[in-house]
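Take a look at the structure set out below.
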Amino acid sequence: MTVRQFFWLIFFLFQFALPAAAQQCAHTLTGVVQMEGGVTLPGATLSIAQAGKQIISAEDGSFTFEGLCPGAYTLTAHYVGFEKRTVQVKVPHTGRLTVVLAQVSTQLEDVVIEGEPQRTSVSQTVGLLQKEDLEALHGKPLGEALKEIPGVNAIQTGPSIFKPVIHGLHSQRILILNNGIRQEGQQWGIEHAPEVDPYIASNIEVVKGAETVRYGSDAIGGVIIITPPPLHEVKKLGGELNMGLMSNNRMGAFSAMLEGNLGKTSQWTWRAQSSVKRGGDYHTPGYNLSNTGLAELNFSGALGFNGTGKGLEIYLSSFNTEIGILRAAHTENLNDLQQSVVSERPWYVKDFTYNLANPKQKINHQLLKVSSYFQLKDLGRLNILYGAQYNQRKEYDIRRGGRSDRPALSLGLLSNVLDVSLDHEKGSHSGSIGFNGTLKFNQNDTETTNIRPLIPDYQQLSTGVFILEKWRRKKLTLEAGARFDHQYLKVMTFENNQTLIKPAFNFNYFSGTLGLAYLFSPTLRLVSNVGVSSRPPHVSELYSEGLHHGTGSIEEGLMRQGNEVLTDQGLIRKEMSKKWINTLQYTGKKLSFDFSLYYNAISNYVFLRPYDTRLTIRGYFPVFRFDQTDAVLTGGDAGLKWQINSRFSYNSKLSYIYARDVERDDELIFIPPGQIENALTYRIPSMGKLSDLFFSVSVPLVLQQTRAPRVVYPQDIPANTSHELFDFAPAPGGYALLNARIGFRLPVYDRELTVTLSGENLLNKSYRNYMNRLRYYADETGSNFMIRLSYHFYKH
Amino acid sequence: MKNQLKPSDSLRSFILFFSSTFLVATLLLVMACGDDPKPVNEEEVITTMTLTLTPVGGGNSVTLKFYDEDGDGSIQPVKTVSGPLAAYTTYEGLITLLNETATPAGDITAEVKNEASDHLFCFTTSNVNLTVNAKDKDSNNLPLGIETSWVTGAVSTGTVKVVLRHQPGEKTGNCPGGGDTDIEVDFNVTVQ
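Top to bottom, those sequences are chains B and R.
Going from the first sequence to this note's numbering is simple: count from 1 and add 833.
Going from the second sequence to this note's numbering is simple: count from 1 and add 5.
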């Protein structure tokens, strides 16, 4: 930490001592949560997103929001087994508000049914980004936005490729649920970011435990649930416009959404949305990060029908992006890599440009979803979802002989998903039984690339059945679930790039979960979940083959030994995770916090291990082979919100993870270092025409990863004979940054325009991030100033 | 009620269009997947580098050769040096590059010559009395290094490192300069 940063921190801490400001936001909103028939509901969660407040109803179902400023708010109430409900309220509000929730299986005429089945277990630990959080992050890629949640990190490949990491796990161990449908892309690649447009989301939930019972083996490390705003909320015509401008890479990001009703009945609703992004080279405090520009164009359309006891939704989306990879990060041999590791500055630095040259990635992801639900008498709610996705990934390299226009990797993945579930509820008992089927075809276009593919062609059919049941007794909710999966996998690969072989496998595997939620008092809640889940290794882990240019390493799958291809299923061991996660949640009037602890023991954990060095015409390369070991990942996350007075609030979040290969007594690579972030916000309810004015300062502090693998510099690789894990460079030191944000609402016509100005890395600090794969080559980005405008409009 | 459930004609065609599109796409891909993938025709691989050194005044020529039959694959490459170089002698060097995974073998030397202004051979000697200089030039009058002149000195033994740099838009004629390394091979040589 520099002296300057230290003073900022002192200044920042001093603000606590400031006298309380005038009490303009001192309104209270009281009410009661009931189920139909007047039975009160204790422990229901109520939130007012605009005010950043969330409370839990008391034992008599009552609730009180304090410290509200005058204005219009949206109150959201939800409770396990009941439909979520949103209520529009004006503050000041006279009298008590009564919020009536409808049970999932019953219908009230005046209740808005969103047509969404339940997605997460009540005993799971969930992190949430709400609409307001997302508005402040507009223009950022999904993986970067998710870093706001404690315990969620990202493996970066430069400034615009972010791969989410949940409690140390990533890639094929994490499932992304994009508007209810599991995202099927090329998740295996560490430099492959999720193919999702975050502009579609009105909220994003991250489940930090295994949700394999509901979603299958892809969810072994957690689930990211991206939810667009529900259809059926608009009466006539409405929409939203967003604009974001970013100084560092001179990026512009725009999005527009329009929604409305078809005909007079309001049973049919529609929505159309599009977003576009264009940015040039990012820069560090010292130099341009040449060839890190990006271009993105996405659009989606939805059509929904909502009838009595039934509903239908058709959703189409198209995600298209082209991302430049730092030119200097392309290395053809160990000497090139050695030069990059030891030099302070990348060898290729040019003037700013919007042009994208090789190396670059071009990704197109098309999605179609048809989902429907029916309330069946005496049975419950039946949900049926079909999804088709086509993912195309092309990676361009610097090639000889005019081949640079041809992709070096070209993969097409077609997938079909069918999910059927039946949610039932009877008294204090509720649950869900279901079936999932996924059929996938993966194909390499090697006739265009003329390069041996990193992963082979394959066909995969996975089917699973599950049951999840819940019992509620006053303060206690118990939950249990089990799942059985079968996977058929047929791989088409070559021995010596000559003889086609087609090994086929049949895997059977189980998952189970047990959890509880206990309400000590209306403000204090404990959730605890134990999950046992297993997955067969992914095709990439079984049959990868080839040279990874970004890391200058040759990678080989579990079922490859040099030129020999193994086909015996008996050699494949399933990876099995046993995770216990506990969260204590306190939601007081002034103070709220949540604190989680977890322990995850993974047997047969698949990882890349240095195995050999190989001499080629470009010199020596390290050979990494996929291997399996026993690993432990344990740690904790904490979040704290303190409303110091009506003006000042303090926010803090912390995450720490310890991970180790216990079988081989070695470190694991790409485990996020410990980090803590402190933020102070000052709010002014109104000032002239402006409302909801706020200023906030935050200081994220990231520690050095002291348990990084040992270092073997590229020049020492030819002499390295150890099979211990290594990294090409030491883990960079810790760093603290200074970020600030100012926001307000401004009336424009009869609606409000939300304006946010923010600055990141204000002190323009040079640093490197352990979780960025391009840290061997270049620094992180320097200061970045952003302006974001958001306007919602509705026709009355 | 029944009336409301019925989508309008335009709506119905919209649904039909997209569902049929995806159905057709699915069927096409399923059928395409019935075709087995073919072995990759790896055009770009360099399996063989041969450096032929011919003494200017006549005498025994020397060949330095690197051969890796499967490119980056696990088969070990073979390095051969046909014999020692004579002291105080000038040799004319000529490099040929081949891709012998293809039949007939791909002529990589021609590819490098075609892109002469993007390529540069660099030669580094250590412990051996030998100087290597490029004789040929690219269109910008910068050295290329396919054709070279090797001048030996007194009796000695050491290594000569042959590097091919790929420098699209970056070539200045200096070694190593910007760009990436396409070839890096060390040969043990003796001057006697």
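Glycine included, C-beta positions come from ideal geometry on N, C-alpha and C.
Would you identify the three-state DSSP class for residue i, choosing helix, strand or coil?
i: I1266/B; result: strand
i: T1462/B; result: strand
i: V1046/B; result: helix
i: S122/R; result: helix
i: Y833/B; result: Any answer about residue 833/B is impossible in this case: the structure gives chain B only from 834 up to 1629.
i: K1407/B; result: coil
i: G976/B; result: helix
i: K1069/B; result: coil
i: V117/R; result: helix
i: T1296/B; result: strand
i: V167/R; result: strand
i: Y1627/B; result: strand
i: G1225/B; result: The sequence given here has Gln at residue 1225/B, not Gly. Three-state result, Q1225/B: strand.
i: S1173/B; result: helix
i: S1237/B; result: coil
i: P1355/B; result: coil
i: N1168/B; result: helix
i: Y96/R; result: strand
Between residue i and residue j, which are expected to be in contact by the criterion C-beta below 8 angstroms, what is the C-beta distance as a whole number of angstroms?
i: A1562/B; j: V1544/B; result: 6 angstroms
i: D1230/B; j: P1192/B; result: 5 angstroms
i: G1452/B; j: N1168/B; result: 6 angstroms
i: L1501/B; j: A1464/B; result: 6 angstroms
i: R1480/B; j: Y1515/B; result: 6 angstroms
i: T1462/B; j: E1496/B; result: 5 angstroms
i: V137/R; j: V165/R; result: 7 angstroms
Tell me which same chain residues have a C-beta within less than 6 angstroms of the C-beta of residue i, skipping the five on either side of it?
i: L1399/B; result: M1392
i: Q1199/B; result: S1151, Y1223
i: F1428/B; result: L1417, A1471
i: P1179/B; result: A1161, Y1610, A1611
i: S1295/B; result: T1271, Q1320
i: A1128/B; result: R1111, E1155
i: E1028/B; result: G1018, F1152, I1196, H1198
i: I1620/B; result: L1078, L1590
i: F1340/B; result: Q1320, P1369
i: M834/B; result: With a pLDDT of only 42 at M834/B, under the threshold of 50, the placement of this residue in the model should not be trusted, and no figure is reported.
i: G178/R; result: L147, P148
i: W841/B; result: Reliability fails at W841/B, whose pLDDT of 46 lies under 50, so the model's placement of it is uncertain and the value that follows must be treated cautiously. Hits under 6 angstroms: L1571.
i: D943/B; result: Only weak support is given to the placement of D943/B: the predicted model assigns it a pLDDT of 28, under 50, and the value that follows is read from those uncertain coordinates. So the list is empty, once near-sequence residues are dropped.
i: N1484/B; result: K1474, A1512
i: L908/B; result: I881, V920, V922
Output needed for residue i: all residues of its chain with C-beta closer than 7 angstroms, excluding positions within five of it in sequence on either side, in chain order.
i: K1422/B; result: E899
i: R1458/B; result: E1389, R1442, Y1444
i: R929/B; result: T863, G864, V865
i: Y1376/B; result: I1288, P1289, V1324, T1326, G1390, M1392, R1393
i: Y906/B; result: I881, Q883, A884, V922, V924
i: F839/B; result: Any reading at F839/B needs caution, since the residue's pLDDT is 44, under 50, leaving its predicted position unreliable; the model's value is listed next. Contacts found: none.
i: S1361/B; result: S956, G1348, L1349, N1415
By a C-beta neighbour count over all protein chains shown, 10 Å radius and 16 as the cutoff for buried, is residue i buried or exposed?
i: Q1331/B; result: exposed
i: L1333/B; result: exposed
i: F1454/B; result: buried
i: P197/R; result: The sequence shown places Gln at residue 197/R, not Pro. With fewer than 16 Cβ atoms within 10 Å of its Cβ, Q197/R is classed as exposed.
i: G1144/B; result: buried
i: S1425/B; result: buried
i: R1306/B; result: exposed
i: K7/R; result: In this prediction, K7/R scores a pLDDT of 34, lower than 50, which makes its location untrustworthy; no coordinate-derived value is stated.
i: D1318/B; result: buried
i: Q856/B; result: Note that Q856/B has pLDDT 37, beneath the 50 cutoff, so the model's placement of it is unreliable and the number below is only indicative. Counting Cβ neighbours within 10 Å, Q856/B comes out exposed, since fewer than 16 surround it.
i: F896/B; result: buried
i: A978/B; result: buried
(message) Could you check whether the region 1299-1310 of chain B touches the region 1347-1363 of chain B, counting it as contact only if at least three pairs of C-beta atoms, one from each stretch, sit closer than 8 angstroms?
(response) yes
(message) So, does the region 1132-1140 of chain B touch the region 1048-1064 of chain B, judging by three or more C-beta pairs under 8 angstroms?
(response) yes
(request) Specify whether the region 1276-1285 of chain B and the region 1248-1260 of chain B touch according to this definition: at least 3 beta carbon pairs, one from each stretch, less than 8 angstroms apart. (result) no
(message) Closer than 8 angstroms is the cut-off here; do at least three beta carbon pairs connect the region 1034-1053 of chain B with the region 950-969 of chain B?
(response) Counting C-beta pairs closer than 8 angstroms gives three or more between the region 1034-1053 of chain B and the region 950-969 of chain B, which meets the contact rule.
(message) With three or more C-beta pairs closer than 8 angstroms as the rule, is the region 116-135 of chain R touching the region 77-84 of chain R?
(response) Not touching, per the Cβ criterion.
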